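Quick note, the sequences are listed as chains G and H, same order. For the record, in the first sequence the residue sitting at position 248 is 247 according to numbering that gives the first Met the number 0, with numbers rising by one throughout. For the record, in the second sequence the residue sitting at position 91 is 90 according to numbering that gives the first Met the number 0, with numbers rising by one throughout. Contents: one structure, followed by commentary.
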Amino acid sequence: MPVMEGKELRIVGFLCNWCSYGSADTAGVARAWQPTDLRIIRVPCSGRVDPLFIVKSLLNGADGVLVAGCHPRDCHYSAGNFYARRRLEVLKRFLPVLGINDARFEYTWISASEGQRWQQMVTSFTNRIHALGPAPRFENATPLPKVVGMALPPSSRPLGTGKNAPLDDLKQGIKEKLPDLECVIGWQRGYDGVHTAPLFMKIPEDVEKLVWGPFNVANPAVYLPKFKGKKVGIVVKGCDSRSVVELLQEHLVAREDVTIFALPCQGTLDMSRVKEKLGRYTVVDNVVCDETEVIITVDGKKHRLPMNDFAQVKCRLCTKPMAVFADTPLGESPEVEIATHVPPELALLDAMNLDERMAYWSGQITRCLRCYACRNACPMCVCRDYCVSDSRDPRWMTQEADVTQKLFFQAIHALHLAGRCTGCGECQRACPVGIPILALRQQIARTVEELFDDYRAGFDPAAVPPLLSYEVEEKSIREREWK
Amino acid sequence: MSAIRFVTSEGLPTFLARLSRNSRVLAPVVKDSPKPSVMFEPWRESMPVILKKATVPPKDAVLPQCESLFVYKKSKNADNPENVALHLDDTAHATPTVIFACRPCDARGFAVLDHPFLDGQFVDPYYKARRERLAVITITCSSGCNTCFCHWVGGGPTSPEGSDVLMTEIDDGFVLQSITDVGQKLLDATDLSDGKDAFPKVEAARKAAWTSLVPAPDIKKAPQNIAALFNRESFWQKHASSCLSCGACTYFCPSCYCFNITDEGDGFDKNGGRRLRSWDNCMSSLFTREASGHNPRTMKAIRMRNRISHKFSAYPRNWGNFSCSGCGRCIGNCPVCLDIRDIVQDAVAVADSDV
């Protein structure tokens, strides 16, 4: 139904069948006056409300979204609204990073008998949205032309090239276990000396190809789920091991099937900065790893790349250079100074207001080609061939190449990873056009830490991811009372 | 006789302004981000053009990422609601466009796309409309690079194929040489000075570009050798084991042209309905999934076989040349550094050793 131009705004309401829809009914039967802006969608339970319903509404022209369900501890299905509460609170704290005012979204609890409370809630929410006015749209935002440079955070530990890592011992360890394993996943030299490619070691000769060092940027955990049910080994850096742990947490691989080989990591290179430094070259003549720098000679020209300047940002912020746990750990884990620095991609957004963030995303996301390298490089994206981004039934997205579709996919990816993302950064590294999408995942990770006792994904194989569980009384989520 | 003109580096904005009077001019610019990328964008006054190889080739100019093939509106007759009138608009819209400073590999991409879209039994009217209004000004490369291999597949750093004008940088500016009539007209319409005197320098620069290349292996046998390996699953499995099945290779390829067609909207609302054609890629499992649910290419190895055999076997057997211009973007963009050069070379060698 079209809105009455100039008078009404578009407000979408998701009401649970058992309580809140009943309360709206009660208000109607009582002839209680209500604003006419709300378009109600009846859902079986607030737990049915996927946060993506709300994002999709807001990206596609809704000026406000209201979700209402049974009071906590009063859910028709016992626990549906407990799950909803966690998801919706995470969403509420996620929306501002996109540039969407979180005041445009609200969730509340109203029972079927509370007709008056319904009337009060819907009136105050509608008044709030009218005070905010029609929602700004991404497609109308003027892209932010220049992004201020991102300052590198101080490093949590001395970075190096891993030159003295006991690679030979590792190779020996792998060879010993290889007969019992389908294969061991690691890295080998890529198409030239400054690139590595994944290596699947099946026979002892393959093990000789294994390399260790600052070029091992890819996360091998991405291949693990497809070996489900088979005995497989994996060589990991600290960050990769967190992905393995998260896969174990979600029972996507079984502990007894995975043999983890680990060396302490001294940091890996930000390949985009390496590429900038080397410029266009034809042949790599030589690569030498010093303790703290990599010396690369291309086309006869020598370049020095100190790890401290060329390591990935995630390595500077790393708190886990050694695997969380491993079957064959080798080498000493270095001392790490645990300091909480906001990652620069996120700090950049923190410094912006909502309009600037919208302008920022509309400028960045427009060059997305929807190649989905971000999704496919993500070790936690396990739907693989059944992603909602490509599905026609259900149809979440169209194939249109506009800003809202492209940004919506990023919101889908980020929200599906809520409480699961270990921050390995593969999504952003894989993006061929360098869209700083990691910030969206970082904001959710920060929210999850705030809400759920400093929970960080991928540290404890026995932990249940926070959005797959609930507390009857939430410590950090108040049972929202707003007027 | 081709037109040869000269322009100084300082004179480029004036030249672009002159071109943009009658056309949309797509020129490469750097996009600000932690990982800078170079994209073609419509030229505007004071836009800082950069003459680097673009991250994304300008294929979009003839085959947009998503386009409406037609739009339709339905309206009900007030007297007889069962009677629905359908209004359909399938005009092929095309803006006159000049691509400025793409690379020879990008331009060769257009030559690859022309065969299936224009030379087959059916001509694609949407592609044709855009292609006919397109002029391509290509800047020749001054050297090779670590991922490009244009000279393996019949091109080169100064290859004119697909270009209307070839532009070569010399010490004090650029020499523009028309290749086609379109290019000649384009240059004649400008007031650039004559560049014939500088042409020896151009020839020297082009020669230097060729000498910078690493010698190419012989892959002439690729079409038959790859066909011979069609059923050897182990070969394709070996080369696809690290593939993540994303589209970073195909969507950034100047010569990939597979697409999907979807309908959006029922036609009754004010936006109308649209039939969309959007890029699709053979590395995705959904590419071949049929309505029944059956999928003939569920294995990524088989999808990889498709990409390699299309480019190096099926297409050349149909049209005579490889449908790869050797730009190397699929190698440089691949999150796991898969190298198409390795696969092709290995296929040639493996099939040879069988004989």
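By construction, the Cβ of each residue, glycine as well, lies at the ideal position given by its N, Cα and C atoms. Just so we're clear, the structure is a prediction, and the values are computed from it rather than from any experiment.
Q. What do you reckon, are the CB atoms on residue 54 of chain H and residue 103 of chain H nearer than 9 Å?
A. Not a contact, by the Cβ cut-off of 9 Å.
Q. Could one say the Cβ of residue 129 of chain H lies closer than 9 Å to chain G's Cβ atoms, at least one of them?
A. No, because no Cβ of chain G sits closer than 9 Å to the Cβ of residue 129 of chain H.
(Q) Please tell me whether residue 280 of chain H has its Cβ less than 9 Å away from any Cβ of chain G. (A) Under the Cβ criterion of 9 Å, residue 280 of chain H is counted among the residues facing chain G.
Q: With DSSP collapsed to three states, give me the class of residue 426 of chain G.
A: DSSP places residue 426 of chain G in helix when its eight states are reduced to three.
Q: Could you tell me which residues DSSP pairs with residue 75 of chain H in its beta bridges?
A: Per DSSP, H/83.
(Q) For residue 329 of chain H and residue 307 of chain H, I'd like the C-alpha separation in whole angstroms. (A) For residue 329 of chain H and residue 307 of chain H, the distance between alpha carbons rounds to 12 Å.
Q.
Going by DSSP, what residue range makes up the alpha helix (DSSP H) through residue 307 of chain H?
A. Residue range 299-308 is occupied by the alpha helix (DSSP H) that includes residue 307 of chain H.
Q.
Let me see if you follow: with CB-CB separation under 9 Å, is residue 64 of chain H close to chain G or not?
A. It does; some Cβ of chain G falls within 9 Å.
Q. According to the neighbour-count rule (16 or more other Cβ atoms, all chains shown, within 10 Å of its Cβ), is residue 66 of chain H buried or exposed?
A. Residue 66 of chain H comes out buried.
**Q.** Burial state of residue 120 of chain H (16 or more Cβ within 10 Å)
**A.** Counting C-beta atoms within 10 angstroms of its own C-beta, residue 120 of chain H has fewer than 16 neighbours from the protein chains shown and is therefore classed as exposed.
Q: Specify the secondary structure class of residue 351 of chain G as computed by DSSP and reduced to three states.
A: The three-state secondary structure of residue 351 of chain G, taken from DSSP, is coil.
Q: Pull up the distance between the alpha-carbon of residue 44 of chain H and that of residue 21 of chain H, whole angstroms please.
A: About 15 Å.
Q. Near residue 25 of chain G, which residues of its chain fall below 8 Å by C-beta distance, leaving aside the five closest residues on each side in sequence?
A. So the list reads 111, 112, 113, 114, 117, once near-sequence residues are dropped.
Q: Starting from residue 70 of chain H, find everything on chain G with Cβ-Cβ shorter than 9 Å and list it in chain order.
A: Chain G residues near residue 70 of chain H: none, gap ~12 Å exceeds 9 Å.
Q) Which of the three DSSP states, helix, strand or coil, is assigned to residue 255 of chain G? A) Residue state, collapsed to three classes: helix.
Q. Going along chain H in order, which residues have a C-beta closer than 9 Å to the C-beta of residue 433 of chain G?
A. Correct list: 30, 32, 33, 34, 35, 36, 54.
Q.
I'd like to check one pair, residue 226 of chain H with residue 182 of chain H: are the Cβ atoms closer than 9 Å?
A. In this structure, residue 182 of chain H keeps its C-beta atom at 9 Å or more from the C-beta atom of residue 226 of chain H.
Q.
Quick check: does the Cβ of residue 114 of chain G come within less than 8 Å of any heavy atom belonging to the ligand ATP?
A. In the structure shown, the ligand ATP is absent, as is every other ligand, since no ligand is present at all.
Q | Contained beta strand (DSSP E) runs [length at least 3] in the segment 130-172 of chain H, N- to C-terminal order | A | Complete beta strand (DSSP E) runs here, min 3: 133-138, 164-169.
(Q) Which of the three DSSP states is assigned to residue 314 of chain G in this structure? (A) For residue 314 of chain G, the three-state secondary structure derived from DSSP is helix.
Q: Note down, in chain order, each residue of its chain lying with its Cβ closer than 6 Å to the Cβ of residue 89 of chain H, except the 5 sequence neighbours on either side.
A: The residues are 69.
**Q.** Helix, strand or coil at residue 229 of chain G according to DSSP, with G and I counted as helix
**A.** Annotated three-state conformation of residue 229 of chain G is coil, per DSSP.
Q | Boundaries of the alpha helix (DSSP H) in which residue 184 of chain H is found, first to last residue | A | Residues 180-187.
Q.
Run through chain G and tell me which residues come within less than 8 Å of residue 285 of chain H, C-beta to C-beta.
A. Chain G residues near residue 285 of chain H: 384, 389.
(Q) Can you confirm whether residue 227 of chain H, when its beta carbon is compared against all beta carbons of chain G, has any partner nearer than 9 Å? (A) No, residue 227 of chain H does not count as interfacial toward chain G.
Q. Between residue 185 of chain H and residue 244 of chain H, what straight-line distance do the alpha-carbon atoms span, to the nearest angstrom?
A. One alpha carbon belongs to residue 185 of chain H, the other to residue 244 of chain H, and they sit about 42 Å apart.
Q.
Which of the three DSSP states is assigned to residue 106 of chain G in this structure?
A. DSSP places residue 106 of chain G in strand when its eight states are reduced to three.
Q: Return no unless some Cβ of chain G is closer than 9 Å to the Cβ of residue 334 of chain H.
A: Output row for residue 334 of chain H: interface = yes.
(Q) Could you give the first and the last residue of the continuous beta strand (DSSP E) run that contains residue 262 of chain H? (A) Boundaries of the beta strand (DSSP E) harbouring residue 262 of chain H: 258-263, taken from the DSSP string.
Q: Please list, in chain order, all residues of the same chain as residue 65 of chain G whose beta carbon is under 6 Å from its beta carbon, the five residues on each side excluded.
A: Sequence-distant Cβ neighbours of residue 65 of chain G in its own chain, meaning closer than 6 Å and more than five residues away, are 12, 105, 124.
Q. Of all the options H/31, H/11, H/322, which has the alpha carbon lying nearest to the alpha carbon of residue 362 of chain G?
A. Residue H/31 is the option with its Cα nearest to residue 362 of chain G.
(Q) Whole angstroms are fine: how far does the CA of residue 30 of chain G sit from the CA of residue 5 of chain G? (A) Rounded to whole angstroms, residue 5 of chain G to residue 30 of chain G spans 25 Å at the Cα level.
Q) At what residues does the beta strand (DSSP E) containing residue 40 of chain H begin and finish? A) For residue 40 of chain H, the enclosing beta strand (DSSP E) stretches over residues 36-41.
Q | Buried or exposed by the 16-neighbour rule on C-beta atoms within 10 Å, applied to residue 385 of chain G | A | The residue in question, residue 385 of chain G, is exposed, as its Cβ has fewer than 16 Cβ neighbours within 10 Å.
Q.
Here's the rule: buried if 16 or more other CB atoms are within 10 angstroms of the residue's CB, otherwise exposed. What is residue 293 of chain H?
A. With fewer than 16 Cβ atoms within 10 Å of its Cβ, residue 293 of chain H is classed as exposed.
(Q) I need the boundaries of the alpha helix (DSSP H) containing residue 117 of chain G, first residue and last residue. (A) Per DSSP, residue 117 of chain G belongs to the alpha helix (DSSP H) from 114-131.
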